[in-house]
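*Asks:*
Residue numbers (UniProt numbering): 1 to 341.
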């Protein structure tokens with residue numbers, strides 16, 4: 001069968017639509033960072049990230065046109081105030097690009113696995129290659145500057161071992177001593193601290209620059225949730241005599257000038273929240289100590305509640321663009337009946 005004549009599947013439509021929404025948002029935010037960055041090592045990386053996003057959007061628009069796919073509105077220059085004072089730092093910009101590249105690597109590999117048409121697969125294959133390069137470059141810069149936190153070191157195993165008791169999974173029994181964390185559990189605790197730290201900084205920057213009271217309140221709540229989760233994970237690590245991530249300079253300026261549209265800020269937080277829920281689900285599934293799994297489930301419920309309040313706020317203000325879906329057949333029939341009367 002000629003691949004060109006194959007219709008897009010629902011999974012491909014979802015992947016293309018989601019990618020366009022995410023990349024169009026990230027492009028605008030990175031464009032603002034790019035205008036203010038001074039560091040001669042970081043700026044070229046952010047420039048590459050911006051150009052990569054712009055290129056990917058153009059490729060997606062060609063696919064939309066070819067498939068007669070209504071292009072999402074997404075985000076544009078109208079969603080960012082390029083004349084606003086500098087809100088972040090160069091180090092924060094590096095962390096943001098690195099984080100979003102890491103998110104994109106996971107997302108694109110997933111989308112590649114649910115795509116069938118060659119041009120769609122080629123698009124996600126190339127996008128995955130490019131964001132991987134950006135991530136590696138960002139990490140190289142951070143390592144060279146000494147502004148990245150490595151995961152904790154533990155002893156390299158000298159022999160294999162097997163679990164010999166169900167007590168290995170114990171973590172909730174007050175009469176049973178908890179075993180030490182294993183490498184997999186440490187990895188997820190550490191990464192969740194790092195991710196929440198970025199989310200906390202973003203939410204505060206949005207709170208202090210949004211002109212809308214409801215958005216400010218949502219961002220403050222988001223920061224409080226992130227700070228609480230950071231403490232939960234950090235306390236667990238400290239009880240194991242492990243030092244939590246020492247985050248580099250990600251301070252904010254005192255600017256209160258609106259920098260991004262409320263719609264863009266809410267969408268960015270929705271993306272981070274969705275990513276966080278996915279991270280917690282993965283962390284819970286691989287953490288074999290029962291107290292850790294329960295913590296992830298409890299904290300995931302808190303994020304879900306926060307996400308729901310954010311979605312309600314977006315709908316209330318007409319900021320949530322609706323994904324493509326199946327037509328409401330019942331509504332079509334009713335509309336036809338009304339038209340025939």
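For each residue, glycine too, the CB sits at the ideal point set by N, CA and C. Model, not experiment: these values are computed from the prediction.
Between 210, 303, 227, which lies nearest to residue 258 when the distance is taken from Cα to Cα?
*Replies:* 210
*Asks:* If you measure between the beta carbons of residue 189 and residue 123, is that distance less than 9 Å?
*Replies:* No, the pair does not count as a contact, with Cβ atoms beyond the cut-off.
*Asks:* Decide if residue 80 is buried, meaning its Cβ has at least 16 other Cβ atoms within 10 Å, or exposed.
*Replies:* It counts as buried.
*Asks:* Would you tell me roughly how many angstroms separate the C-alpha atoms of residue 33 and residue 193, rounded to the nearest one?
*Replies:* Their backbone Cα atoms lie some 24 Å apart in a straight line.
*Asks:* Quick one: what's got a C-beta closer than 6 Å to residue 114's C-beta in the same chain, skipping five residues either side?
*Replies:* 11
*Asks:* For residue 203, is the classification buried or exposed, using 16 other Cβ atoms within 10 angstroms of its Cβ as the cut-off for buried?
*Replies:* When all chains shown are included, residue 203 counts as buried.
*Asks:* To the nearest whole angstrom, what separates the beta carbons of residue 287 and residue 293, a pair I think is in contact under 8 Å?
*Replies:* 5 Å
*Asks:* Can you confirm whether the segment 146-159 touches the segment 43-55 when touching is taken to mean that 3 or more C-beta pairs between the two stretches lie within less than 8 Å?
*Replies:* The answer is no - the segment 146-159 does not touch the segment 43-55, with fewer than three Cβ pairs under 8 Å.
*Asks:* Flag this pair as yes or no: are the beta carbons of residue 273 and residue 307 separated by less than 9 Å?
*Replies:* Contact: yes.
*Asks:* Is it a yes or a no for the segment 123-143 touching the segment 72-87, going by three-plus beta-carbon pairs under 8 Å?
*Replies:* With a cut-off of 8 Å, the segment 72-87 and the segment 123-143 do not count as touching, because too few Cβ pairs lie within range.
*Asks:* Hey, out of 140, 221, 237, whose CA is closest to residue 187's CA?
*Replies:* 237
*Asks:* If we ignore side chains and look at the alpha-carbon of each, how far apart do residue 229 and residue 305 end up?
*Replies:* 14 Å
*Asks:* Cβ atoms of residue 178 and residue 289: under 9 Å apart, would you say?
*Replies:* yes
*Asks:* Going by CA-CA distance only, name the one from 57, 311, 232, 141 that's closest to residue 39.
*Replies:* 141
*Asks:* Does DSSP classify residue 1 as helix, strand or coil?
*Replies:* Caution applies to residue 1, whose pLDDT of 49 falls short of 50 and renders its modelled position unreliable; the model cannot decide the point.
*Asks:* Could you tell me the distance, in whole angstroms, from the CA atom of residue 121 to the CA atom of residue 277?
*Replies:* 26 Å
*Asks:* Have a look at the DSSP bridge pairing and note the partners of residue 260.
*Replies:* 80
*Asks:* How should residue 235 be labelled, buried or exposed, when 16 other C-beta atoms within 10 angstroms of its C-beta is the threshold for buried?
*Replies:* With fewer than 16 Cβ atoms within 10 Å of its Cβ, residue 235 is classed as exposed.
*Asks:* Which complete alpha helix (DSSP H) runs does the segment 160-233 hold, if anything under 4 residues is left out?
*Replies:* As far as the segment 160-233 is concerned, its whole alpha helix (DSSP H) runs of at least 4 residues are 183-209.
*Asks:* Mind reading off the beta-carbon distance from residue 269 to residue 310? Whole number of angstroms is fine, and I expect it under 8 Å.
*Replies:* 6 Å
*Asks:* Under 8 Å Cβ to Cβ from residue 139, same chain only, skipping five residues before and after it: list those, please.
*Replies:* 98, 148
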